[in-house]
Amino acid sequence: MKVVITGANGQLGWELQRTEPSDISSYFLHSKELDICNTVAVRKTIGAINPQVIVNCAAYTAVDKAEQEKEMAFAVNSQGAANIAEVARHNGARLIQMSTDFVFNGKKSQPYLPEDIPNPICVYGASKLDGEKRVAAIHSAHTIILRTAWLYSSQGNNFVKTMLRLMRERDHLYIVSDQVGTPTWAHGLAETIWKFVEMPLNGIFHWTDSGVASWYDFAVAIQEEALQIGILENEIPITPIMTKEYHAPAKRPTFSVLDKTSTRKILGYISPHWRVCLREMLKDVKSEV
Numbered sequence: 001m002k003v004v005i006t007g008a009n010g011q012l013g014w015e016l017q018r019t020e021p022s023d024i025s026s027y028f029l030h031s032k033e034l035d036i037c038n039t040v041a042v043r044k045t046i047g048a049i050n051p052q053v054i055v056n057c058a059a060y061t062a063v064d065k066a067e068q069e070k071e072m073a074f075a076v077n078s079q080g081a082a083n084i085a086e087v088a089r090h091n092g093a094r095l096i097q098m099s100t101d102f103v104f105n106g107k108k109s110q111p112y113l114p115e116d117i118p119n120p121i122c123v124y125g126a127s128k129l130d131g132e133k134r135v136a137a138i139h140s141a142h143t144i145i146l147r148t149a150w151l152y153s154s155q156g157n158n159f160v161k162t163m164l165r166l167m168r169e170r171d172h173l174y175i176v177s178d179q180v181g182t183p184t185w186a187h188g189l190a191e192t193i194w195k196f197v198e199m200p201l202n203g204i205f206h207w208t209d210s211g212v213a214s215w216y217d218f219a220v221a222i223q224e225e226a227l228q229i230g231i232l233e234n235e236i237p238i239t240p241i242m243t244k245e246y247h248a249p250a251k252r253p254t255f256s257v258l259d260k261t262s263t264r265k266i267l268g269y270i271s272p273h274w275r276v277c278l279r280e281m282l283k284d285v286k287s288e289v
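If you want it as structure tokens, here you go:
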């Protein structure tokens, strides 16, 4: 089976490369090798490979910058996704389109089901939802939309690596405590994506690690685990603050936990708790130092 992965230079793309099954022939396309906003390039590059499956990991993910770069966010997350769906339909390929918990407004008090009605409150979420809609309209019979949340890896830019850097540089951190979701190690998500590659499914699915946390809880756990394995030497105080004190340009959902029940039934397993996965990721960080 031939599989194309777009956005291969991102943290999820990197994890997909190191978890690639031996019986799959994969083509990892970095953003410099394929601009998914370029319709002609998408048709030519992916058409020449003629894969059975395309995994679209390419995305504009700068949540705050998207408020000022709306056109760019929609170009990548909506038009780019539509371009991928068009070539998938033309070549008879199945598509796995990655999406996000930010398509929801965060006002629900229970985990969001795949069938819940999205209502994003920031440009990034709106652009990802628009991508979902366009992909579904173009190639719904052979497309999986896979939503995830709070993604991190030992590669790329993410909350965990930012926290580790700030914990070395500063003597005190103030972290938002009234936004709740689920941290997700990209490694485990990648393994799940490879399982979906083998399954001729369509529809919307949710996948994250298990458990819930606020950003404050997550930061405290990062410091505790990093101190325990020797990545950090000194403990610093971490103080919880409210979102309104942070003054971020983009609004974020206050509660964006995703319900994974339907996905668990299909896959036949439950994802590990996020803290277990964090511990494993930090071991990766330590081994790379």
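Just so we're aligned, residue 1 is where the sequence shown starts under the working numbering, counting upward by one.
Positions of the beta carbon are idealized from the N, C-alpha and C atoms, including for glycine.
All values reported here derive from a predicted model rather than from experimental measurement.
Legend entry - Residue environment, Ala248, which counts as buried when at least 16 other CB atoms sit within 10 Å: Looking up residue 248 in the sequence shown gives position 248. Burial check for Ala248: the Cβ neighbour count within 10 Å stays below 16, so the residue is exposed.
Inset, instruction - Per DSSP, which residues does His273 bridge with? Please list them. - result: Stepping through the sequence shown from its first residue, residue 273 is reached at position 273. Paired residue(s): Ser210.
Inset, instruction - Can you tell me the Cβ-Cβ gap for Pro200 and Arg94, rounded? I've got them flagged as a contact below 8 Å. - result: Locating residue 200 in the sequence shown gives position 200, where the first residue counts as 1. Locating residue 94 in the sequence shown gives position 94, where the first residue counts as 1. The C-beta distance from Pro200 to Arg94 rounds to 7 Å, short enough to fall under 8 Å.
Inset, instruction - Confirm, please, whether the CB-CB distance from Val212 to Val257 is below 8 Å. - result: Against the sequence shown, residue 257 aligns to sequence position 257. Against the sequence shown, residue 212 aligns to sequence position 212. It is a contact, given that the beta carbons lie within the stated cut-off.
Legend entry - Distance CB(Arg165)-CB(Ile236) smaller than 8 Å: Along the sequence shown, read from residue 1 onward, the residue named residue 165 stands at position 165. Along the sequence shown, read from residue 1 onward, the residue named residue 236 stands at position 236. No, the pair does not count as a contact, with Cβ atoms beyond the cut-off.
Inset, instruction - Pull up the CB-CB distance for Ile5 and Val76, whole angstroms please, since I reckon it's below 8 Å. - result: Position 5 of the sequence shown, counted from the start, is the residue given in the question as residue 5. Position 76 of the sequence shown, counted from the start, is the residue given in the question as residue 76. At roughly 16 Å, the Cβ-Cβ gap does not stay under 8 Å, so Ile5 and Val76 are not in contact.
Inset, instruction - Just grab the DSSP bridge partners of Pro240 for me. - result: Counted from its first residue, the sequence shown places residue 240 at position 240. Pro240 is bridged to Ile175.
Inset, instruction - Only counting runs of 4 or more residues, tell me where the alpha helix (DSSP H) segments fall wholly within the segment 95-167, in order along the chain. - result: Note on the segment 95-167: whole alpha helix (DSSP H) runs with a minimum of 4 residues are 123-139, in chain order.
Inset, instruction - Measure how close the beta-carbons of Gly181 and Trp207 come, nearest whole angstrom, since I'm counting them as under 8 Å. - result: Translated into the one-based positions of the sequence shown, residue 181 becomes position 181. Translated into the one-based positions of the sequence shown, residue 207 becomes position 207. Actually they are not in contact, since the Cβ atoms of Gly181 and Trp207 sit about 13 Å apart, beyond 8 Å.
Inset, instruction - Let me know if Gln97 comes out buried or exposed under the rule of 16 or more other beta-carbons within 10 Å of its beta-carbon. - result: Within the sequence shown, numbered from 1, the residue matching residue 97 stands at position 97. Within 10 angstroms of the beta-carbon of Gln97 lie 16 or more other beta-carbons, which makes it buried.
Legend entry - N- and C-terminal bounds of the beta strand (DSSP E) containing Asn9: Here residue 9 refers to the residue found at position 9 of the sequence shown. Premise fails: Asn9 is in no beta strand (DSSP E) and is neither H nor E.
Inset, instruction - Over the uninterrupted alpha helix (DSSP H) stretch that includes Ser262, give me the two end residues. - result: Position 262 of the sequence shown, counting from 1, holds the residue named residue 262. It spans 261-267 - the alpha helix (DSSP H) in which Ser262 sits, taken as one unbroken run.
Legend entry - Nearest residue (CA-CA) to Asn50, options Glu15, Lys2, Ala73: What you label residue 50 is simply residue 50 of the sequence shown in a count that begins at 1. If we check each option's Cα against that of Asn50, Lys2 comes out closest.
Inset, instruction - For my contact list, Ser153 and Met281 are in at a C-beta cut-off of 8 Å; report their separation, rounded to the angstrom. - result: Against the sequence shown, residue 153 aligns to sequence position 153. Against the sequence shown, residue 281 aligns to sequence position 281. Contact flag correct, Cβ pair sits at about 7 Å.
Inset, instruction - Give the straight-line distance between the Cα atoms of Asp178 and Phe104, rounded to the nearest whole angstrom. - result: Translated into the one-based positions of the sequence shown, residue 178 becomes position 178. Translated into the one-based positions of the sequence shown, residue 104 becomes position 104. One alpha carbon belongs to Asp178, the other to Phe104, and they sit about 16 Å apart.
Inset, instruction - Use the C-beta contact count for Met163: other C-beta atoms within 10 angstroms, 16 or more gives buried, fewer gives exposed. - result: Numbered from 1 along the sequence shown, position 163 holds the residue referred to as residue 163. Buried, by the Cβ-count rule.
Inset, instruction - Count the CB pairs spanning the segment 111-129 and the segment 58-66 that are closer than 8 Å, and state whether there are at least three. - result: Cβ pair count under 8 Å is three or more, so yes.
Inset, instruction - Taking Val42 as part of the alpha helix (DSSP H), name the residues at either end of that continuous run. - result: Counting from one through the sequence shown, the residue named residue 42 turns up at place 42. Run containing Val42: 39-49, per the alpha helix (DSSP H) assignment.
Legend entry - Three-state secondary structure assigned by DSSP to Leu201: Numbered from 1 along the sequence shown, position 201 holds the residue referred to as residue 201. Here Leu201 sits in coil by DSSP.
Legend entry - Where the alpha helix (DSSP H) through Tyr216 begins and ends: Residue 216 sits at position 216 when you count from the first residue of the sequence shown. Element bounds for Tyr216: 215-229.
Legend entry - Per-residue DSSP class, three states only, for Lys251: As a position in the sequence shown, residue 251 is number 251, starting the count at 1. Here DSSP, grouped into helix, strand and coil, assigns Lys251 to coil.
Inset, instruction - Provide the residue span of the beta strand (DSSP E) that contains Ile84, from first to last. - result: Sequence index remark: in the sequence shown, residue 84 carries index 84 (1-based). For Ile84, no beta strand (DSSP E) run applies; the uninterrupted alpha helix (DSSP H) run containing it begins and ends at 81-91, by DSSP.
Inset, instruction - Measuring alpha carbon to alpha carbon, tell me which of Leu29, Met242, Ile84, Gln17 ends up nearest Thr143. - result: Against the sequence shown, residue 143 aligns to sequence position 143. Out of Leu29, Met242, Ile84, Gln17, Ile84 has the C-alpha closest to the C-alpha of Thr143.
Inset, instruction - Return the Cβ separation of Val42 and Leu34 in integer angstroms, given the expectation that the two are a contact with Cβ distance under 8 Å. - result: By one-based count along the sequence shown, residue 42 stands at place 42. By one-based count along the sequence shown, residue 34 stands at place 34. So it is a contact: roughly 7 Å between Cβ atoms.
Legend entry - Local conformation of Leu29 per DSSP, three classes: Working through the sequence shown from its first residue, we reach residue 29 at position 29. If DSSP states are grouped into helix, strand and coil, Leu29 belongs with the strands.
Legend entry - Same chain, Cβ closer than 8 Å to Ala136, five either side skipped, listed in chain order: One-based indexing of the sequence shown puts residue 136 at position 136. The residues are Thr143, Ile145.
Inset, instruction - To the nearest angstrom, report how far apart Ile138 and Arg168 are at their CA atoms. - result: Along the sequence shown, one-based indexing puts residue 138 at 138. Along the sequence shown, one-based indexing puts residue 168 at 168. Taking the CA atoms as reference points, Ile138 sits about 48 Å from Arg168.
Inset, instruction - Express the C-alpha separation of Ala219 and Arg275 in angstroms, rounding to a whole number. - result: Indexing the sequence shown from 1 puts residue 275 at position 275. Indexing the sequence shown from 1 puts residue 219 at position 219. A direct Cα-to-Cα measurement between Arg275 and Ala219 gives close to 11 Å.
Legend entry - Pick from Gly203, Leu232, Ile204, Trp215 that is closest to Ile241, judged by C-alpha positions: Working through the sequence shown from its first residue, we reach residue 241 at position 241. The shortest C-alpha separation from Ile241 is found at Trp215.
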